[in-house]
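**Student:** A single structure is presented below for examination.
Chains as they are written, first to last, in our numbering: chain H, 1 to 218; chain X, 219 to 644.
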């Protein structure tokens, strides 16, 4: 298994239901700075007209996760399901993983005095046999789709095979597993994606995942 | 003074009063008082901060504690660690103390290897000072970490992580330096002579390994391009720590050796002056070329926006002014005490600012430009952050002051017992 998530971010209406559902489901510490998932906002002008982009985001559960490499106590670790999790009991609060993460996806949970991050609801949902995350379940516009990259017949792989997508900060070499679906509306795509972003198909990205998995297992 | 001999070392027989209640110790206690206040603050903030999650209100209906935790979540500062800037003044001071201490140890070991007699005679004191600075650094970092979970460093070690490598490094390093000091003050001169060369070579190897591991600690954070694009980071740490080290060594010499090393004091200062100038030239040349290689986003933040005042203050205090003061009448082989002391103080302050910029600068460029369309904000009420800086927490500032107290107290304690600052005939 290799769990991942696709985000059709064009559909995001910034209702923040995902943020609330995540906090409720996982008992995340309250506070504006304490988010496992969030909706980033960016304001711009396109030909003189103001525009706002909404960027839902969370931990990318990278295949080559730098947060795991830097952790001195294996508090950050890969699960056999391809997730990056943190063991709060082992965290010595060196904050190296927070420095190593290119996505600002980690924060300190003051309740446990340890670093916290998105788990794809592994403890509360996935390990109990459920097939979806709280953020996906609650989203009114179906932005998120959680699934298994090893399941070729699964909905996630089918979506990635049928649509172009991109990942965040690909140049960092982390092989992230949040796949942002390339918008159908070209104008929206132009206003919301940087010019240096590589647009992938499943055929171009799958080998990158396989290579990173091989490197990890070596 | 009466002494007891233990393993070939003379230990002074002093009373508790002499050991802990002398002028230097009282001075150290002022700094340590700040340190203890900082420790209290950090423990209070870290372990007793009122926190709540969404389940608490349901589990404890009507609880005043939960209500206060909700209030803290909305109006509070959000804990001591900021999400965008995890490494702060603790790390700045840690690397300043550790690297400067290691710089002193490295320089003294090199001098020993090349038979520089002026340093050989004063080596025990310098090495002890270096070691005490390492203690000061460790004092700082221990309160940055969650000490309650430190046993996992032994139980589930990740041996390839720079952060973990620090553990065996300092166990070996501190033991080794203690052994070097022991050799210097021991009366067993015969067998010491036999192993001295090997010990010095080992010392140099450990010093180099230390700088390599310290660079790895930063270099592994691939997202922070300031740290990954600094060319030859271990070399930068060596050069900059040499400068900070000689700055501290000059001040130490004026305080501890002016009277006891009278006949050679000017020669010692001339030697330190030359070393300082070499280190200044090396660091100046390095900084001038490094920014050609450093990621332009971070270089821009440091040179032209967020940290530009700090950077130029660093360049002026650590490099430009001391160079001007020390090069003045350089070829006359004379020492102007005022200029030397001013240079030393400026270098100590300047290099600290350099470390501050290095650590804070690594986080200065926000990670929030995820889609390549500019920096994001996280809510309607948030502002777009184009530069990340949070003023250090009061507990951090106090613990940093406390670390100075640790250095002074540890040195005085060892010196009172072992006379390490005494000039030896080596």
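No residue lacks a Cβ here, since even glycine has one placed at the ideal position from N, Cα and C.
Given that residue 219(H) touches chain X, what residues does it touch there, using C-beta distances under 7 Å?
**Tutor:** Summary: the structure shown does not reach residue 219(H), with chain H confined to residues 1 through 218, and so no result is reported for it.
**Student:** Would the segment 510 to 527 of chain X count as touching the segment 568 to 585 of chain X if we require 3 or more Cβ pairs under 8 Å?
**Tutor:** Yes, since at least three Cβ pairs between the segment 510 to 527 of chain X and the segment 568 to 585 of chain X fall closer than 8 Å, the two stretches touch.
**Student:** Sort out for me which residues DSSP pairs residue 180(H) with in a bridge.
**Tutor:** Residue 180(H) is bridged to 7(H), 166(H).
**Student:** Put residue 482(X) into one of helix, strand or coil per three-state DSSP.
**Tutor:** Residue state, collapsed to three classes: helix.
**Student:** Throw me the rounded Cβ distance for the residue 376(X) and residue 637(X) pair, which I believe falls under 8 Å.
**Tutor:** Going by Cβ atoms, the distance from residue 376(X) to residue 637(X) rounds to 43 Å, so no, they are not a contact pair.
**Student:** Just the C-alpha distance for residue 180(H) and residue 490(X), rounded to the nearest angstrom, thanks.
**Tutor:** Roughly 59 Å between the two C-alpha positions.
**Student:** Which complete alpha helix (DSSP H) runs does the segment 444 to 474 of chain X hold, if anything under 4 residues is left out?
**Tutor:** Counting whole runs of 4 or more residues, the segment 444 to 474 of chain X contains the alpha helix (DSSP H) stretches 451 to 470.
**Student:** Consult DSSP for residue 148(H) and reduce its assignment to one of helix, strand or coil.
**Tutor:** In the structure shown, residue 148(H) sits in a strand (DSSP, three-state: E or B).
**Student:** What are the boundary residues of the beta strand (DSSP E) that residue 25(H) is part of?
**Tutor:** Element bounds for residue 25(H): not the beta strand (DSSP E) but the alpha helix (DSSP H), 17 to 26.
**Student:** Determine the direct distance from the alpha carbon of residue 170(H) to that of residue 198(H), and round the result to whole angstroms.
**Tutor:** Their backbone Cα atoms lie some 8 Å apart in a straight line.
**Student:** Quick check: is the beta carbon of residue 99(H) nearer than 8 Å to any beta carbon in chain X?
**Tutor:** Cβ-Cβ to chain X under 8 Å: yes for residue 99(H).
**Student:** Buried or exposed: where does residue 144(H) fall if 16 or more other Cβ atoms within 10 Å of its Cβ makes it buried?
**Tutor:** Residue 144(H) should be labelled buried.
**Student:** What span of residues does the alpha helix (DSSP H) with residue 234(X) cover, start to end?
**Tutor:** Residues 234 to 238.
**Student:** Residue 40(H) lies in the beta strand (DSSP E); which residues open and close that run?
**Tutor:** Taken as a continuous stretch (DSSP letters only), the beta strand (DSSP E) holding residue 40(H) covers 37 to 46.
**Student:** Give me the subset of the segment 52 to 67 of chain H whose CB atoms are less than 9 Å from a CB atom of chain X, sorted by chain position.
**Tutor:** Those residues of the segment 52 to 67 of chain H that come within reach of chain X (Cβ to Cβ, closer than 9 Å) are 53, 55, 57, 66.
**Student:** For residue 256(X) versus residue 626(X), is the C-beta distance shorter than 8 Å?
**Tutor:** Contact: no.
**Student:** Taking just the CA atoms, how far does residue 240(X) sit from residue 336(X)?
**Tutor:** About 29 Å.
**Student:** Quick check on the DSSP output: the alpha helix (DSSP H) that includes residue 212(H) runs from which residue to which?
**Tutor:** Here the alpha helix (DSSP H) through residue 212(H) covers 202 to 217.
**Student:** Residues of the segment 258 to 276 of chain X with a CB closer than 7 Å to any CB of chain H: list them in chain order, please.
**Tutor:** So the list reads 264, 265, 267, 269, 270, 271, 272, 273, given in the order they occur along the chain.
**Student:** Would you tell me roughly how many angstroms separate the C-alpha atoms of residue 557(X) and residue 343(X), rounded to the nearest one?
**Tutor:** Approximately 24 Å between the Cα atoms of the pair.
**Student:** Please go through the same chain and pick out, in chain order, the residues whose beta-carbon is closer than 7 Å to the beta-carbon of residue 403(X), but skip the five residues on each side of it.
**Tutor:** The answer, listed in chain order, is 227, 342, 636, 638.
**Student:** What residues of chain H sit near residue 613(X), judged by a beta carbon separation below 9 Å?
**Tutor:** Simply none; closest approach about 14 Å.
**Student:** Would you identify the three-state DSSP class for residue 571(X), choosing helix, strand or coil?
**Tutor:** It is helical.
**Student:** Taking only beta-carbon positions, decide if residue 302(X) is within less than 8 Å of chain H.
**Tutor:** Yes - at least one Cβ of chain H is within 8 Å of the one on residue 302(X).
**Student:** Among the candidates 415(X), 536(X), 300(X), whose CA atom is the shortest distance from the CA of residue 32(H)?
**Tutor:** The option with the nearest alpha carbon to residue 32(H) is 300(X).
**Student:** To the nearest angstrom, report how far apart residue 538(X) and residue 565(X) are at their CA atoms.
**Tutor:** Computed Cα separation, rounded: 10 Å.
**Student:** Listed from N- to C-terminal order along the chain, which residues in the segment 165 to 193 of chain H have their beta-carbon within a distance smaller than 9 Å of any beta-carbon of chain X?
**Tutor:** For the segment 165 to 193 of chain H, which is checked against every Cβ of chain X, the residues closer than 9 Å are 166, 168, 169, 172, 173, 174, 180, 191, 192, 193.
**Student:** Would you mind telling me which residues of chain H sit closer than 8 Å to residue 288(X), beta carbon to beta carbon, in chain order?
**Tutor:** Per Cβ cutoff of 8 Å: 30.
**Student:** Is residue 622(X) close to chain H, meaning its C-beta is less than 8 Å from at least one C-beta of that chain?
**Tutor:** It does not; no Cβ of chain H falls within 8 Å.
**Student:** Would you mind telling me which residues of chain H sit closer than 8 Å to residue 440(X), beta carbon to beta carbon, in chain order?
**Tutor:** Going along chain H in sequence order, the residues near residue 440(X) (Cβ under 8 Å) are 66, 100, 102, 172, 173, 174.
**Student:** What whole-angstrom Cβ distance do residue 12(H) and residue 141(H) have, given they're in contact under 8 Å?
**Tutor:** Yes, they are in contact, since the Cβ atoms of residue 12(H) and residue 141(H) sit about 7 Å apart, within 8 Å.
**Student:** Per DSSP, residue 228(H) forms a beta bridge with which residues?
**Tutor:** Only positions 1 to 218 of chain H appear in this structure, which leaves residue 228(H) out of reach.
**Student:** Give me the chain X residues within the contact set of residue 196(H), using Cβ-Cβ distance strictly less than 9 Å, ordered along the chain.
**Tutor:** Under the 9 Å cutoff, chain X gives 590.
**Student:** Does the segment 559 to 578 of chain X come into contact with the segment 453 to 466 of chain X, if we say contact requires no fewer than three beta-carbon pairs (one atom in each stretch) closer than 8 Å?
**Tutor:** Yes, the segment 559 to 578 of chain X is in contact with the segment 453 to 466 of chain X.
**Student:** Return the CA-CA distance between residue 555(X) and residue 426(X), expressed in angstroms with no decimal places.
**Tutor:** Residue 555(X) and residue 426(X): Cα-Cα distance of roughly 33 Å.
**Student:** Would you say residue 594(X) lies against chain H (beta-carbon separation less than 8 Å)?
**Tutor:** So yes, residue 594(X) belongs to the interface.
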